[in-house]
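Chains D and X, in that order, are what the protein sequence lines are. Position 268 of the first sequence, counting from 1, maps to 268 under my numbering, and the rest follow consecutively. Position 119 of the second sequence, counting from 1, maps to 119 under my numbering, and the rest follow consecutively. Beneath this line is the structure, given in structure tokens, with notes to follow.
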Amino acid sequence: MSALAVLWFFLIFVLIAGYFVLDGFDLGVGVLHRALAKDERERALVRRSIGPVWDGNEVWLLTAGGALFAAFPAAYATTFSGFYLAVMLVLFGLIVRAVSLEFRAHDPQWARAWDVCFTVGSLLPALLLGVALGNVIAGIPMAANGDYAGVPLLGLLSPFTLVAGLLGLAMCLSAGAAWVALKAPAGSAVHKRAAKLRVPCQVAALVLFAVATVLAFAVVKPVFAPGMLAAGVIIALVFLACVVASIVLGRKGNDLVAFLLQSVAAACLVALAAVTLFPNLVVAAPGSVGASITLMSAASSDTSLAWMTGIACVGVPLVLAYHVIAYRVFRGRLDDKDVNY
Amino acid sequence: MDMLSDVALLSRIQFALTVAYHFIFVPLSIGLGLILAIFATKYHRSRSDADGNAMRFWVRIFTATFAIGVATGITMEFSFGTNWADYSRFVGDIFGAPLAAEALFAFFLESVFLGVLLFGRNKVSSLFYTVSAWLVWAGSCLSALWILIANSWMQTPAGAELAADGSKAVITDFLAAAFNPSTLPRYTHVVVALLIMGAFASLAIGAWYLLRDKHADFAMKTIRVGAVVGIVASCALIVTAHSSAVEVSQEQPTKLAMMEGMYDDEVPPLYAFGWVDEENQQVITPFSIPGGTSFLATGTWDAQYQGLNSLAQTEKYGDMDVADLPVNLVFQSYHLMVAMYGLIMITAILAVVFSLRGGRIRSMRWLQKLLLVSPLFPFVAIQVGWITAEVGRQPWVVYPSTSGPDGVSLLTNNAISQSVSAPELLLTLALFTAVYVFLFIGWARVISRFIERGPVGDAAPAADAADDATAAVKEGE
């Protein structure tokens with residue numbers, strides 16, 4: 001097992017975690033925006049809260065996709081072609097939501113259509129990415145060449161994968177509500193609604209996590225690599241502690257800590273997926289002709305991975321610097337100057 | 001095979017449609033990104049209201065265009081895995097790294113500083129804001145570099161070898177792969193063409209205002225900037241077009257033969273236009289310059305090139321069935337591109353001559369009308385140029401170029417996703433068409449609203465507000 005391949009296995013999950021934490025909250029904002037904002041002005045405020053940052057957040061997904069392609073081409077090929085219709089739904093969601101965010105304010109006659117695009121376009125990725133991750137953990141029917149051999153789209157739905165999808169969605173909603181609570185003018189109606197909505201979303205996430213855990217051990221029965229089960233237990237405990245603490249501190253009015261703890265919890269969930277899978281990338285369901293795709297079988301050559309590592313060493317600090325700039329420039333709660341009415 | 005059940009053909013159609021659509025907005029954003037950065041710099045220097053309004057105008061036009069470019073770009077990155085799984089398995093060792101690098105180095109840069117451009121005007125210094133405009137443009141040019149590295153490797157593979165088991169290409173030399181024989185000629189050619197697109201779009205917007213007798217000062221400024229960028233880029237294009245032509249003639253013999261309709265070995269003449277009779281394997285044309293293409297490629301009038309028939313006899317190109325090649329499509333695309341270049345050069349010269357020094361264009365209605373339609377020339381040239389490059393390498397997706405490593409090539413038909421069925425593809429093709437048409441209409445609505453509103457301050461005029469109470473909700477603008 002090449003050390004570089006192991007490194008890239010975990011780096012891919014770092015990128016996915018970055019995506020889930022960052023785009024997670026703005027997807028959640030998209031799904032919830034009609035519930036959080038009741039008039040034009042409030043909707044403009046809610047969109048403005050993610051306006052300067054959502055695009056950068058979304059790039060984490062493109063980076064994760066590109067890195068998966070580069071580091072583990074076989075895993076990229078199998079999942080993207082095997083989950084074809086699901087990936088397309090995610091894609092259409094991301095496309096229409098991106099455009100609706102930019103066009104909505106400038107096209108009042110089509111306001112309703114753009115709002116629907118924003119809500120549905122945010123819902124599809126928030127739900128389906130969890131379903132996809134649930135599938136690679138639970139295992140998919142695999143052909144000899146590594147292709148998905150199951151039924152298109154519907155074959156991806158099982159109790160476990162559905163719960164995984166809903167868990168992902170609940171995490172996005174929690175983060176979205178927490179973000180708006182953090183950004184809305186203090187004491188405003190939007191602020192109150194967001195703080196109120198945050199709690200049931202977080203409770204739903206806890207319940208879904210419990211159900212997913214039960215289903216994982218009762219039905220999916222993942223085979224843990226040595227040491228990974230212990231790591232998983234610790235990560236799961238951190239996850240639970242973060243969500244509970246986020247609920248408690250959020251109720252005391254500390255919106256910043258509530259959001260940050262919720263973000264750590266989201267990262268924990270992706271980490272949990274990583275340790276459950278390791279060293280597999282895509283598990284072959286029992287009875288498959290093909291074998292599971294592992295980091296050993298799918299990894300690119302060490303030459304390629306070494307160059308990728310060099311690229312990451314230069315690129316990642318730059319990316320972090322950009323994010324620090326963006327979140328610093330647009331820090332703090334929004335006020336009337338930010339949303340001219 | 002029936003067309004509706006041919007997965008390879010349907011996948012090609014889907015890729016062609018989605019990339020052509022993406023490539024409407026990318027050239028506009030990269031081209032207009034430069035125009036925006038120039039206007040941001042003007043405002044930073046002068047701090048005048050007029051320049052501030054001009055800059056805001058370009059920010060609005062640019063971001064609406066950029067948004068669609070970004071959104072439809074996700075399709076392209078996903079499509080290698082969704083529709084071209086066997087391609088991804090074959091090239092992943094080489095092709096994935098530039099895509100990841102593009103996201104890491106270019107997309108983050110663009111998206112973060114675009115956020116500053118849109119919402120940060122009152123939050124950052126004027127210098128920071130101006131630098132952000134340049135960074136967004138630099139990011140988009142970097143993005144073009146990485147994606148052209150990846151695409152050029154498909155045209156002229158290098159720095160790789162066939163794996164011992166023959167299943168995939170493996171990298172041997174990263175820099176040789178990245179800077180393969182066609183990377184620099186193609187990158188410069190494309191970027192210069194995109195700058196012409198942006199320049200002509202600004203010429204057209206300026207001309208529109210002149211024709212309507214509105215915002216004359218802004219119109220003249222815009223036309224002057226567009227004219228200068230346009231003429232410089234159009235002249236630079238001669239150099240990049242030549243180096244691209246030389247690269248094709250040296251590295252991609254079947255593409256050259258298709259561009260010129262050469263079935264038999266010959267000293268290629270230069271056609272202005274013509275029609276390839278694919279059945280009888282000949283070019284029908286009223287006139288041609290004997291040896292002209294030979295001269296363009298080599299500087300001599302008598303260089304002989306192999307035609308498609310004899311190339312198909314070679315081991316390297318033996319997989320090619322000459323009767324199936326879309327020779328006329330490549331021939332027409334290429335010659336249309338060259339014809340468009342003629343119109344581009346004429347327009348650029350007229351724009352410079354009559355807009356600088358006194359600006360006689362103000363009273364020249366016919367020239368204003370020409371400028372108004374002129375974005376069509378680079379638009380068509382870019383689209384058909386791309387078709388020339390991509391259809392010209394068929395039937396391969398990874399082309400066996402002259403200097404390419406042995407065995408590192410892949411037929412398009414062997415590159416598909418075997419787990420994706422034709423009905424699924426038909427469904428997504430229909431969805432892409434519907435969604436993309438919807439987005440195009442939305443984009444046209446927003447852009448025409450911006451142009452109608454003109455280079456004015458952010459507070460919407462009272463009349464507008466009365467027309468449309470909700471129009472005033474402007475996030476951070």
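Using N, Cα and C, we set each Cβ at its ideal position, and we do this for glycine too.
With 8 Å set as the bound, which would you pick, yes or no: does the beta-carbon of residue i sit closer than that to a beta-carbon of chain D?
| i | result |
| --- | --- |
| I387(X) | no |
| D93(X) | yes |
| S409(X) | no |
| V116(X) | yes |
| L120(X) | Looking at the sequence provided, one finds Gly at residue 120(X) rather than Leu. So, interface residue. |
| I13(X) | no |
| T63(X) | yes |
| L36(X) | no |
| V246(X) | no |
| T82(X) | yes |
| V59(X) | no |
| E424(X) | yes |
| P461(X) | Unreliable placement is indicated for P461(X), whose pLDDT of 41 sits below 50; the coordinate value is still reported in the next sentence. Chain D, which has no Cβ nearer than 8 Å to the Cβ of P461(X), makes this no. |
| A16(X) | no |
| V7(X) | no |
| G442(X) | yes |
| G454(X) | no |
| L350(X) | no |
| F179(X) | no |
| T428(X) | yes |
| A216(X) | no |
Using the beta-carbon count (16 or more within 10 Å), is residue i buried or exposed?
| i | result |
| --- | --- |
| A193(X) | buried |
| I441(X) | exposed |
| E424(X) | buried |
| A164(X) | exposed |
| W58(X) | buried |
| Q14(X) | buried |
| W153(X) | buried |
| K255(X) | buried |
Mind listing the chain D neighbours of residue i? Cutoff is C-beta to C-beta under 7 Å, in chain order.
| i | result |
| --- | --- |
| I171(X) | S301, T303, S304 |
| G457(X) | The contacting residues do not exist; G457(X) stays about 11 Å from chain D at best. |
| I68(X) | V99 |
For residue i, go through chain D and note every residue whose CB falls closer than 9 Å to its CB, in chain order.
| i | result |
| --- | --- |
| R445(X) | F103, H106, D107, Q109, W110 |
| Q418(X) | S81, A143, N145, D147 |
| F23(X) | Correct list: empty, because the minimum Cβ distance to chain D is about 16 Å. |
| T156(X) | By Cβ distance, chain D contributes nothing, its closest Cβ being about 19 Å from T156(X), past 9 Å. |
At least one CB of chain X closer than 8 Å to the CB of residue i: is that the case?
| i | result |
| --- | --- |
| M1(D) | no |
| P52(D) | yes |
| P279(D) | no |
| W179(D) | no |
| L215(D) | no |
| W8(D) | no |
| G315(D) | yes |
Tell me where the alpha helix (DSSP H) around residue i begins and ends.
| i | result |
| --- | --- |
| V327(X) | 327–355 |
| V190(D) | 189–215 |
| V437(X) | 422–453 |
| V120(D) | 111–138 |
| V136(X) | 126–155 |
Counting only Cβ pairs nearer than 8 Å, list the residues of chain D close to residue i.
| i | result |
| --- | --- |
| K123(X) | V329, F330 |
| L439(X) | I95, V96, V99 |
Kindly list, in the order they appear in chain X, the residues whose Cβ is closer than 8 Å to that of residue i.
| i | result |
| --- | --- |
| F25(D) | Per Cβ cutoff of 8 Å: no residues; F25(D) is ~15 Å from chain X at best. |
| F92(D) | L431, V435 |
| V319(D) | L104, F108 |
Anything in chain X within Cβ reach of residue i, meaning under 9 Å, just list it in chain order.
| i | result |
| --- | --- |
| H323(D) | F108, V112 |
| I311(D) | A97, A100, A101, L104, F105 |
Residue i versus chain X: which residues are under 7 Å apart at the beta carbon?
| i | result |
| --- | --- |
| D55(D) | V70, S111, L114, G115 |
| L62(D) | I74, E77, A103, F107 |
| I137(D) | Chain X residues near I137(D): none, gap ~19 Å exceeds 7 Å. |
What residues from chain C crowd round residue i, counting only those whose CB sits closer than 7 Å?
| i | result |
| --- | --- |
| S88(X) | No chain C is present in this structure, whose protein chains are D and X. |
Determine the extent of the beta strand (DSSP E) in which residue i is found, giving its start and end residues.
| i | result |
| --- | --- |
| A160(X) | 160–162 |
| N413(X) | Taken as a continuous stretch (DSSP letters only), N413(X) belongs to no beta strand (DSSP E), as it is neither H nor E. |
Start-end ranges of the beta strand (DSSP E) lying completely within the segment 215–297 of chain X, minimum 3 residues: 275–277, 282–284
Uninterrupted alpha helix (DSSP H) stretches inside the segment 23–81 of chain D (no shorter than 4 residues): Taking 4 residues as the minimum length, the alpha helix (DSSP H) runs contained wholly in the segment 23–81 of chain D are 40–50, 54–71, in order along the chain.
Entirely enclosed beta strand (DSSP E) segments - the segment 249–335 of chain D, minimum 3 residues: 280–282
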